[in-house]
Structure formats: structure tokens, C-alpha cells
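Novice: FYI, the numbering for the sequence shown is 18 to 269, going by the numbering used here.
Quick one: this structure, given as C-alpha cells, is what I'll be asking you about.
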Amino acid sequence: MKQLIQSTLKKLNLRIVKEGTYDNIPQEATEFERFLINQCHQFSMTGNLRMWSIIQAIKHIKHNNIKGDLVECGVWKGANLVLMQNMLEHLSLDNKKIYGYDTFEGMSDSSEFDVDFQDREWTTFSKTIKRDEKVVNAWCVAGIELVRKLYNEFTNENNNLELIKGDVIETLEKEANLPDKISLLRLDTDFYESTKKELEVLYPRLQKGGILIIDDYGHWKGAKKAVDDYFTGEYHFMHVIDYTCRMIIKTE
């Protein structure tokens with residue numbers, strides 16, 4: 018009977034969630050925040066706790082009046098951009114833009130440092146993985162038009178998004194592609210060279226009190242090395258979101 022129910026729900030693209038758990042969404046989340054996370058989860062590989070960290074970061078930015086735009090490097094289908102924009106609308110933060118950097122053609126080339134925490138190379142994985150009964154593209158391929166389509170479908174603001182297409186090693190070299198100030202900087206390109214470039218160019222633009230989120234610090238050794246190399250000799254309290262995601266508040 019259990020298998021029959023699960024099979025029927027799967028065909029209807031539904032699943033059972035135990036009341037009160039909200040799929041690891043913290044209990045203090047509002048109904049709006051829970052709805053937003055569950056909505057964006059449909060087209061995202063970002064875990065619920067990591068989405069929650071974005072929500073908390075934007076509330077922190079609002080409360081502390083942190084200047085600057087919101088940035089994500091490595092956007093895949095743009096679920097986190099949708100999450101960001103909905104929170105900006107919800108909190109009436111209409112003076113901030115959102116920048117999304119991606120090749121929109123899949124992952125860039127890896128380096129010798131780019132293995133996971135079990136020393137497995139990226140190329141050893143199949144191009145699709147199964148997660149929460151869904152098959153997702155592990156190579157993170159999503160065209161720019163799909164990102165725009167989803168953003169327009171799930172937000173009320175169509176002129177607030179800047180999508181920068183190309184390898185960040187090249188696109189971040191152009192001043193025209195960069196925000197003047199940043200309040201939230203989220204890095205999710207997995208690999209050493211890209212993460213290193215993002216920190217070198219974008220972190221200096223992150224304002225005091227602004228939030229840095231590193232999605233892959235605990236999973237991809239290249240991303241961890243890039244962060245550790247960049248902050249060599251400095252101490253920053255690194256808040257653990259989940260096994261891989263880390264958050265830093267810029268203090269100076």
C-alpha cells in the first residue's frame with residue numbers, strides 16, 4: 018500500500034511532508050518564507066537551509082541598512098535570484114538590483130584542486146543525479162532565456178535583474194559588468210579559479226556589515242582553498258549553514 022501511494026504521488030509530482038517539519042525549514046520561518054522556499058525548491062539544487070540563509074541575510078541587510086546590490090555567481094536556473102527578488106519586494110527594498118553571473122552553458126574547466134571532500138573529481142559524476150525524487154542536471158546547464166523566463170514568472174519586477182553571461186574569469190574583468198557596492202555576495206561556482214576571481218574582484222565591493230555566502234566550502238576542496246587562500250592571515254567568524262555552506266559578515 019505504501020509503495021502504491023508513493024507511486025501515485027510521484028506521478029502527480031507530489032510528496033508527503035510531515036506536519037511541523039517543513040522539510041528542514043527552521044520553525045521560526047513565516048508562512049510566506051516557507052512558501053517561498055518550497056516554491057523555489059522546484060527548480061533549484063540549493064538546500065532549504067541554504068535558501069533560509071539567503072532570507073536571513075536579506076533581513077539583516079534591511080535591518081542594518083546595508084548599501085549595495087545582491088550578487089550570485091553560479092545561478093543555474095535562477096531559483097536563488099527569484100528568492101532574492103521576492104524578499105526585496107516583501108521588505109520594500111526597491112533600491113537594490115540583483116546581479117547573476119554564469120556561463121549559462123554549464124560548468125567551466127576544473128583545476129587540480131577541484132575534487133570533492135572525498136577526493137572525487139567532478140568528471141567522475143554522471144551528468145544527472147537524483148535528488149528528492151527528481152532528476153537534476155549535475156553539470157548545471159541552464160540557458161539564460163530559461164533563467165529570465167522563470168524570474169519573470171515568479172517575481173513582479175522584470176527590470177531589476179542583470180544577467181552577465183560568460184566565464185567569470187573574463188566577465189569580472191569588465192567594470193561595466195560590476196555593481197558599485199554589494200550588500201549580499203553569494204558564491205556558488207564550485208571551483209578554485211572561479212571562486213578565487215570572485216573574491217578578488219567582488220569581495221572588496223562588499224560593504225561593511227554585508228554578507229558573504231560560500232555555497233561549496235564544505236563540499237568542493239577547490240572552493241575551500243580559494244576562500245582560505247584569499248583570507249590568509251585574517252580571522253573571520255564563519256557561520257555553518259549546513260555541511261557545505263558557510264556565511265561571513267564583513268566587519269571592516
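Here a beta-carbon is modelled for each residue, glycine too, at the ideal position from N, C-alpha and C.
No experiment lies behind these values; they were computed from the predicted model shown.
(1) What are the residues that DSSP puts in a beta bridge with Leu-229?
(2) For Ser-109, does the count of other Cβ atoms within 10 angstroms reach 16, so buried, or fall short, so exposed?
(3) Can you tell which of Gly-91, Lys-94, Leu-87 has its C-alpha closest to the C-alpha of Met-101?
(4) Compute the beta-carbon to beta-carbon distance between Ala-240 and Tyr-209, rounded to the nearest angstrom, for a pair I have assumed lies under 8 angstroms.
(5) Please report the residue range of the alpha helix (DSSP H) in which Lys-76 lies.
(6) Can you tell me the Cα-Cα spacing of Glu-122 and Arg-222, whole angstroms?
(7) Using only the alpha-carbon positions, how far apart do Arg-203 and Cys-262 sit?
(8) Assuming Ser-70 and Ile-230 make a contact with CB atoms under 8 angstroms, what is their CB distance in whole Å?
(9) Helix or strand or just coil, what does DSSP make of Val-244?
(10) Assuming contact is defined by CB atoms lying nearer than 8 angstroms, are Tyr-247 and Lys-213 in contact in what I supplied?
(11) Do Val-99 and Thr-47 have their C-beta atoms within less than 8 angstroms of each other?
(12) Candidates Gln-59, Ala-159, Tyr-116, Met-255: which alpha carbon is nearest Asn-177's?
(13) Just the C-alpha distance for Phe-49 and Val-257, rounded to the nearest angstrom, thanks.
(14) With distance defined between alpha-carbon atoms, name the residue in Val-244, Lys-242, Asp-232 nearest to Thr-63.
(15) Just to confirm my understanding: we take Tyr-234, look at its own chain, exclude 5 residues before and 5 after, and list those with CB closer than 8 angstroms. What are they?
(16) Since Tyr-209 is in the alpha helix (DSSP H), which residue starts that stretch and which ends it?
(17) Using 10 angstroms around the beta-carbon of Asn-82, count the other beta-carbons present and answer buried if the total reaches 16, otherwise exposed.
(18) Using the Cβ count rule (16 or more neighbours within 10 Å means buried), how would you classify His-80?
(19) Could you pull the start and end residues of the alpha helix (DSSP H) that Glu-106 belongs to?
(20) Are the beta-carbon atoms belonging to Leu-201 and Ala-74 less than 8 angstroms from one another?
(21) Using DSSP with H/G/I as helix, E/B as strand and the rest coil, what is Tyr-118?
(22) Distance, Cα to Cα, Ile-72 vs Asn-112?
(23) When the Cα atoms are used, what is the spatial distance from Ser-211 to Val-92?
(24) Following the continuous alpha helix (DSSP H) through Glu-50, name the residue where it begins and the one where it ends.
(25) Could you tell me the distance, in whole angstroms, from the CA atom of Leu-163 to the CA atom of His-107?
Specialist: The short version:
(1) Leu-202, Ile-265
(2) exposed
(3) Leu-87
(4) 7 angstroms
(5) 65 to 80
(6) 27 angstroms
(7) 10 angstroms
(8) Between Ser-70 and Ile-230, the beta carbon gap of about 6 angstroms places them in contact (Cβ cut-off 8 angstroms).
(9) Collapsing the DSSP output to three states places Val-244 in a helix.
(10) In this structure, Lys-213 lies closer than 8 angstroms to Tyr-247 by Cβ.
(11) no
(12) Tyr-116
(13) 24 angstroms
(14) Asp-232
(15) Ala-240, Lys-241, Val-244, Met-255, Thr-261, Cys-262, Arg-263
(16) The continuous alpha helix (DSSP H) containing Tyr-209 extends over residues 209 to 219.
(17) exposed
(18) exposed
(19) 96 to 107
(20) Yes, the Cβ-Cβ distance between Leu-201 and Ala-74 is below 8 angstroms.
(21) It is a strand residue.
(22) 17 angstroms
(23) 13 angstroms
(24) Run containing Glu-50: 48 to 58, per the alpha helix (DSSP H) assignment.
(25) 24 angstroms
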